[in-house]
Amino acid sequence: MGCFECCIKCLGGVPYASLVATILCFSGVALFCGCGHVALTGTLTILETHFSRVTTDHAMLTDVIQLMQYVIYGIASFFFLYGIILLAEGFYTTSAVKELHSEFKTTICGRCISGMFVFLTYILGVAWLGVFGFSAVPVFLFYNMWSTCNAMNSPTFNITSIDSICVDVRQYGIIPWNATPGRACGSALGEICKTSDFYLSYHLYIVACAGAGATVIALLIYMMATTYNFAVLKFKSREDCCTKF
1 MGCFECCIKC LGGVPYASLV ATILCFSGVA LFCGCGHVAL TGTLTILETH FSRVTTDHAM
61 LTDVIQLMQY VIYGIASFFF LYGIILLAEG FYTTSAVKEL HSEFKTTICG RCISGMFVFL
121 TYILGVAWLG VFGFSAVPVF LFYNMWSTCN AMNSPTFNIT SIDSICVDVR QYGIIPWNAT
181 PGRACGSALG EICKTSDFYL SYHLYIVACA GAGATVIALL IYMMATTYNF AVLKFKSRED
241 CCTKF
C-alpha cells in the first residue's frame, strides 16, 4: 500500500460529523459561558445603580448571580472534557463501522459505552434546550427596555408624556417589590439605555443566547452520529463479526 492510499484510508477513519460537532460545541459553550458571565456582572451593576440602591433588597439576587457564574465555570470545564471524549469515541466507532483495520474488532463493552454516550448526549441535548430558552429571557427583558428608549427618542413621540413611560423591573420578579426605586421613568430610563453597561450586557446576552443555540445544534449532530454508529455496531454484532468481551 502506497503513501497516498494509506492517507486516504486514514482520512476515511476521521469522524467528520463528530469533528464539526466538537468545534461547534466548543464555540457555543465558550460564547455562552464567556458572554453570559460578563453580562451577569453588567446586569448586577445596572440593578445596583438604577433600580435597587439598598444592598439588602437584592442580596438574594446577588447570591444567585454569583452561583450562576460558578455554574458557568463548571459547564465550561465539563463540556471541554466531554467534547474531547465524544470526539475520541467518534474515532473509535467510525473505525469499527468502516472496518479500516482488519484486526480491529469492537466488543460488547465498547458497544455499551457507545450506547451510554447516546443516552447521555440525548439528556444533555434536552437540558441545553432549556438553557437556550432560559438564555432568551434576559434578551427579551433588555429588548423591551431598548425598544422603549428608542420610542422615546423617536421624533414622532409625544415629549409631554415622556415621564409617564416607565420600566419596572420588579414586575419580573428580579428584585422584591419593596426595592427602591424599583423602576426608571422618562429621562432616567433614557440615561440607563445610554450607559455602556446596558449596551454591553444587552449584546452579550444576544451572543450568549446564540452560543446556547449553537451548542444545541452541536449536541444534535452528536446524537445523530453516535446513534448511527451504535446502530451499525449492534447490527454487525448480530452477524458474529465482533468479538465478545
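According to this note's numbering, the sequence shown is numbered sequentially starting from 1. Even glycine gets a Cβ: it sits at the ideal position worked out from N, Cα and C.
For residue i, the three-state DSSP class (helix, strand or coil)
i: V167; result: strand
i: P15; result: coil
i: P138; result: helix
i: A179; result: coil
i: S305; result: Nothing can be reported for residue 305: it is not among the residues displayed for the chain, which extend from 1 to 245.
i: I217; result: helix
i: S154; result: coil
i: G130; result: helix
i: I174; result: coil
i: I75; result: helix
i: S114; result: helix
i: T195; result: coil
i: N229; result: helix
The ligand GDP heavy atom lying under 8 Å from the CB of residue i
i: I23; result: This structure does not include the ligand GDP; it has no bound ligands of any sort.
Residue i, buried or exposed, once every other Cβ within 10 Å from all chains shown has been counted against 16
i: P15; result: buried
i: D57; result: buried
i: L81; result: exposed
i: C112; result: exposed
i: P138; result: buried
i: A59; result: exposed
i: C166; result: exposed
i: G133; result: exposed
i: T121; result: buried
i: F142; result: buried
i: T43; result: buried
i: W177; result: exposed
i: F140; result: exposed
i: T55; result: exposed
i: H101; result: Caution is warranted here: a pLDDT of 46 is assigned to H101, below 50, making its placement in the model unreliable, and no coordinate value can be reported.
i: C241; result: For C241, the predicted structure reports a pLDDT of 47, less than 50, and the residue's modelled location is therefore unreliable. A value from the coordinates is still provided. With fewer than 16 other Cβ atoms within 10 Å, it is exposed.
i: S135; result: buried
i: V71; result: exposed
i: N229; result: buried
i: L204; result: buried
Those residues which DSSP pairs with residue i across a bridge
i: C185; result: C166
Nearest-angstrom beta carbon gap, residue j and residue i [assumed within contact, 8 Å]
i: G125; j: L19; result: Incorrect: roughly 18 Å between the Cβ atoms, too far for contact.
i: G36; j: A208; result: 4 Å
i: F79; j: V118; result: The Cβ separation is near 17 Å, so there is no contact.
i: M51; j: V169; result: Residue 51 is actually Phe in this sequence, not Met. Right, the Cβ-Cβ distance comes to about 5 Å (below 8 Å), so this counts as a contact.
i: D197; j: I46; result: 5 Å
i: I175; j: L61; result: 6 Å
i: A88; j: A225; result: The pair is not a contact, with the Cβ atoms about 13 Å apart (cut-off 8 Å).
i: M223; j: G190; result: Not a contact, Cβ separation roughly 47 Å.
i: W146; j: C193; result: 6 Å
i: G182; j: D163; result: Contact flag wrong, Cβ pair sits at about 16 Å.
i: G83; j: C25; result: 5 Å
i: T148; j: S114; result: That belief does not hold up - the Cβ atoms of T148 and S114 are roughly 52 Å apart, past 8 Å.
i: S27; j: A214; result: 6 Å
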